[in-house]
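Novice: Here it is, the structure, as structure tokens.
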Amino acid sequence: MIIQAHGLRKTFTTRSRKGVQTVEAVRGVDLDVEKGEIFGVLGPNGAGKTTTIRMLATLITPDAGTAVIAGHDLLKEPAAVRRRLGYVSQAGGVEDTVNARAQIMMAARIHGVADPGRATAEVLDRFGLTELADRPGRTLSGGQKRRVAIAIGLVHGPPLLFLDEPTTGLDPQNRANLWDRIRQLRESGTSVLLSTHYLDEADALCDRLMIVDHGLVVAEGTPADLKREVSGDVITLRTDQPGRAADTVKALARETRVDDDLLRVYVDDGEHALPGLLRALEEQGVALTSIALDRSTLDDVFLAKTGRTLRDAGAAA
Amino acid sequence: MIRHTVLFTGYELRKQFANPIWPLFGIMQPVLYLLMYAPLLRTMTPGGTTVDALRMFTPAAMMMIAVFGALFSGFGLIAELRDGTLERYAVSPAWRPAIVLGRVAKDMLVLVLQAVLVLVVAMAMGVRIGAVELVLVLLLMAATGLFASGLSQGLALTVRDENGMSQTLNLFMLPIMLLAGMFLPISFAPGWMQFLAPLNPLYHAVEAGRALFGGRLSDPSIPIAFAVFLGLAVLTTIWSMRSLRKIAG
């Protein structure tokens with residue numbers, strides 16, 4: 001176990017003209033990450049992902065809770081935790097005016113790496129940055145900058161790497177490229193804790209993940225288990241009478257969910273359930289505008305656990 | 318601890334000189350002041366020669382670069398606050414004060430370099446200064462720079478916004494300059510300004526600088542200036558290190 005955290009809580013107090021406001025960012029989070037695992041924290045903006053990661057990274061002191069990270073107590077030995085950690089923040093921490101090589105080298109020196117020159121060359125090569133090593137940060141593209149940020153975080157060879165929203169703002173190609181590189185970390189034995197609000201990212205990258213909402217863990221498991229828990233497939237129907245349609249198909253489904261004129265029907269086997277479902281609706285005289293059959297996603301898991309879709313939750317935050 | 322401070326000093330110095338054109342511009346400013354302002358001041362100086370004017374103005378120009386060069390160095394921290402670099406240092410094993418001390422040390426080294434250049438120009442224009450006085454002037458300037466740099470880093474970490482920072486600096490700049498008698502001797506000023514001037518720390522630095530350039534080593538303004546600035550420098554440096562702690566937790 002590389003991270004064992006229990007009961008983490010953090011409340012922020014802000015003073016403004018409107019008076020004192022308190023925000024309970026994290027309200028009791030337990031988290032266990034195995035050695036060598038890629039563990040995801042999935043949730044909408046404002047769910048408490050970044051606060052959780054910042055607490056585990058020794059940046060914020062938790063109000064309550066305990067954690068042992070890479071064998072050291074978070075609260076009693078923060079310095080020892082920092083030595084074993086690679087940390088890539090949401091902002092990245094790549095300076096505009098300094099070239100990649102100098103920034104990576106500096107990080108290696110701060111960590112007291114025995115041969116900072118060699119360690120820098122190695123990590124530059126590993127992230128395909130050798131050609132770009134001497135260009136200042138501002139001339140790099142978003143994807144290149146992210147790679148530099150991760151290279152800085154890895155130059156001292158930490159057993160554990162934190163990635164806070166590593167692909168936010170990247171185009172699909174760069175995201176896919178970064179995913180491959182993060183997967184390669186698993187092969188080198190580095191454990192990864194990453195936060196994301198992208199469902200596909202959590203699904204594609206993580207060995208295990210937890211879904212957080214409003215500072216609480218709402219679900220935890222492997223992506224496959226979580227989806228299986230909800231159901232195999234989702235049939236999405238658009239109709240003028242969603243309520244009546246829901247009553248009609250209730251007996252055939254594991255769960256139904258109405259959202260405006262949309263009816264989501266969760267079934268184990270969509271292909272075989274569909275004909276019977278359509279027949280039942282026909283008999284009750286429910287007219288359909290459209291119909292779609294999909295494999296259930298982590299969004300369906302989120303919907304089942306919180307009553308909102310991740311997209312709605314993100315827009316509201 | 319010392320290793321990390323040296324490390325950060327070196328990193329900041331390399332950053333500063335990565336593009337040598339900007340430090341060069343920074344050095345040009347006081348030199349231009351000497352070349353263009355000293356002749357202007359000549360008609361008002363007792364004695365009336367350019368050398369007399371320079372003896373008045375060179376120490377003021379040196380303290381000016383010390384204060385205003387270093388006061389602006391905090392802007393770098395705001396950028397690093399935003400791009401996540403400071404956050405990254407905070408999660409590293411870096412000795413926290415070194416992050417700020419490295420910058421302050423860099424500012425002082427750059428200042429001494431600039432001061433030497435100003436002195437060379439002043440000497441070329443006919444000003445003479447003894448060796449002891451020279452060393453004391455440089456030390457005084459370094460102390461002034463230490464104070465201003467610490468203040469700037471602390472201000473940057475507190476204000477955390479370039480716009481707010483530049484407005485704050487601009488607000489204080491003019492009164493501090495005029496009340497130090499940098500451009501015009503404070504003896505020209507009305508009574509209330511003469512009363513306020515000693516409350517301005519920079520006034521003491523300029524007075525001591527003038528005493529040193531005048532060869533008056535026993536002038537009481539010299540120990541006063543050193544006491545004021547070493548005290549203030551300790552305070553602002555501690556403040557800036559504390560401000561960093563707020564961010565790093």
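As you go down the protein sequences, you meet chains V and H in turn.
Under my numbering, read the first sequence as residues 1 to 317, first letter to last.
Under my numbering, read the second sequence as residues 318 to 566, first letter to last.
Built from N, CA and C at the ideal position, the CB exists for glycine as well.
Taking Cβ to Cβ, would you say threonine 236 (chain V) is nearer than 8 Å to leucine 262 (chain V)?
Specialist: With respect to leucine 262 (chain V), threonine 236 (chain V) sits close: the two C-beta atoms are nearer than 8 Å.
Novice: Keeping to the same chain, check which residues put their C-beta closer than 8 Å to that of glycine 7 (chain V); ignore five residues upstream and five downstream.
Specialist: Gly28, Val29, Asp30, Ala64, Gly65, Thr66
Novice: Which residues in chain H sit within 7 Å of glycine 93 (chain V), going by Cβ to Cβ distance?
Specialist: Going along chain H in sequence order, the residues near glycine 93 (chain V) (Cβ under 7 Å) are Asp400, Gly401, Thr402, Glu404, Arg405.
Novice: Return the first residue and the last residue of the alpha helix (DSSP H) that lysine 227 (chain V) is part of.
Specialist: Where lysine 227 (chain V) is concerned, the enclosing alpha helix (DSSP H) starts and stops at 223-230.
Novice: Would glutamate 404 (chain H) be called buried (16 or more neighbouring beta carbons within 10 Å of its own) or exposed?
Specialist: By the Cβ-count criterion, glutamate 404 (chain H) is buried, with 16 or more other Cβ atoms from all chains shown falling within 10 Å of its own Cβ.
Novice: Counting only C-beta atoms, is alanine 79 (chain V) closer than 8 Å to chain H at any point?
Specialist: Yes, alanine 79 (chain V) lies at the interface with chain H (some Cβ there is under 8 Å from its Cβ).
Novice: Does DSSP classify alanine 544 (chain H) as helix, strand or coil?
Specialist: Helix at alanine 544 (chain H).
Novice: Spell out a yes or no on whether the segment 178-191 of chain V and the segment 34-49 of chain V are touching, meaning 3 or more CB-CB pairs, one atom from each, closer than 8 Å.
Specialist: yes
Novice: Between which two residues does the beta strand (DSSP E) carrying serine 466 (chain H) extend?
Specialist: Unbroken run through serine 466 (chain H) is the alpha helix (DSSP H), 448-476; no beta strand (DSSP E).
Novice: Using three-state DSSP, classify threonine 402 (chain H) as helix, strand or coil.
Specialist: helix
Novice: Using CA atoms only, rank isn't needed, just tell me which of V:Gly112, V:Asp171, V:His197 is closest to arginine 320 (chain H).
Specialist: V:Gly112
Novice: Is it buried or exposed, proline 540 (chain H), if we count other Cβ atoms within 10 angstroms and call 16 or more buried?
Specialist: exposed
Novice: Taking contact to mean at least 3 C-beta pairs separated by less than 8 Å, is the segment 474-481 of chain H in contact with the segment 350-359 of chain H?
Specialist: The segment 474-481 of chain H is not in contact with the segment 350-359 of chain H.
Novice: Going by C-alpha to C-alpha distance, which of V:Pro78, V:Leu281, V:Thr289, V:Asp259 sits closest to valine 249 (chain V)?
Specialist: Distances from the CA of valine 249 (chain V) to each of V:Pro78, V:Leu281, V:Thr289, V:Asp259 were compared; the closest alpha carbon is that of V:Leu281.
Novice: Going by other Cβ atoms of all chains shown within 10 Å of its Cβ, with 16 needed for buried, is alanine 317 (chain V) buried or exposed?
Specialist: Reliability of the predicted coordinates at alanine 317 (chain V) is poor, the pLDDT of 48 falling under 50, and the value obtained from them is presented with this limitation in mind. By the 10 Å Cβ count, alanine 317 (chain V) comes out exposed.
Novice: Ends of the beta strand (DSSP E) at glutamine 90 (chain V)?
Specialist: Careful: glutamine 90 (chain V) lies outside any beta strand (DSSP E) and carries neither H nor E.
Novice: By Cβ distance below 6 Å, which residues in the same chain neighbour alanine 304 (chain V) in space, the five residues on each side in sequence not counted?
Specialist: Val230
Novice: Quick one: measure Cβ to Cβ for leucine 561 (chain H) and arginine 413 (chain H), integer angstroms, because I've assumed they're closer than 8 Å.
Specialist: 6 Å
Novice: Any contact of the segment 17-24 of chain V with the segment 194-209 of chain V, i.e. 3+ C-beta pairs under 8 Å?
Specialist: no
Novice: Within the continuous alpha helix (DSSP H) that includes tyrosine 328 (chain H), where are the two ends?
Specialist: If you look at tyrosine 328 (chain H), you'll find it in the alpha helix (DSSP H) that goes 319-335.
Novice: Which residues in chain H sit within 8 Å of histidine 111 (chain V), going by Cβ to Cβ distance?
Specialist: Ser409, Pro410
Novice: Starting from alanine 335 (chain H), find everything on chain V with Cβ-Cβ shorter than 9 Å and list it in chain order.
Specialist: Thr97, Val98, Asn99, Ala102, Pro136
Novice: What first and last residue would you give for the alpha helix (DSSP H) that runs through glycine 331 (chain V)?
Specialist: Residue 331 (chain V) cannot be examined here, being either before or after the span of chain V that is shown, 1 to 317.
Novice: Establish whether the CB of alanine 107 (chain V) and some CB of chain H are separated by less than 8 Å.
Specialist: yes
Novice: With a cut-off of 8 Å on the beta carbons, I'd call alanine 133 (chain V) and leucine 140 (chain V) a contact; round off their distance for me.
Specialist: So it is not a contact: roughly 11 Å between Cβ atoms.
Novice: With 16 as the cutoff for other CB atoms within 10 Å, does glutamate 329 (chain H) come out buried or exposed?
Specialist: buried
Novice: So, does the CB of arginine 331 (chain H) fall closer than 8 Å to a CB anywhere in chain V?
Specialist: yes
Novice: Kindly indicate if chain H contains any beta-carbon less than 8 Å away from that of alanine 57 (chain V).
Specialist: yes
Novice: Using a beta-carbon distance below 8 Å, is leucine 324 (chain H) in contact with chain V?
Specialist: yes
Novice: Let me check one thing: in DSSP terms, what residues is tyrosine 266 (chain V) bridge-paired to?
Specialist: V:Val234, V:Glu255
Novice: What is the DSSP secondary structure of valine 521 (chain H), reduced to helix, strand or coil?
Specialist: For the sequence presented, residue 521 (chain H) should be read as histidine rather than valine. It is helical.
Novice: Compute the Euclidean distance between the alpha carbons of leucine 529 (chain H) and leucine 59 (chain V), then round it to the nearest angstrom.
Specialist: 48 Å
Novice: Using 8 Å as the cut-off, can you tell me whether the segment 365-374 of chain H makes contact with the segment 429-444 of chain H, which would need three or more C-beta pairs spanning the two stretches below that distance?
Specialist: yes
Novice: Would you say glutamate 397 (chain H) reaches chain V, if we count a Cβ-Cβ gap shorter than 8 Å as a contact?
Specialist: For glutamate 397 (chain H), the closest Cβ of chain V is nearer than 8 Å.
Novice: Would a C-beta distance cut-off of 8 Å place phenylalanine 325 (chain H) and isoleucine 416 (chain H) closer than the cut-off?
Specialist: Yes, Cβ-Cβ distance for phenylalanine 325 (chain H) and isoleucine 416 (chain H) is below 8 Å.
Novice: With respect to 7 Å, is the separation between the Cβ of glutamine 21 (chain V) and the closest non-hydrogen atom of the ligand GTP below this value?
Specialist: Questions concerning the ligand GTP fall outside what the structure shown contains, since it holds no ligand whatsoever.
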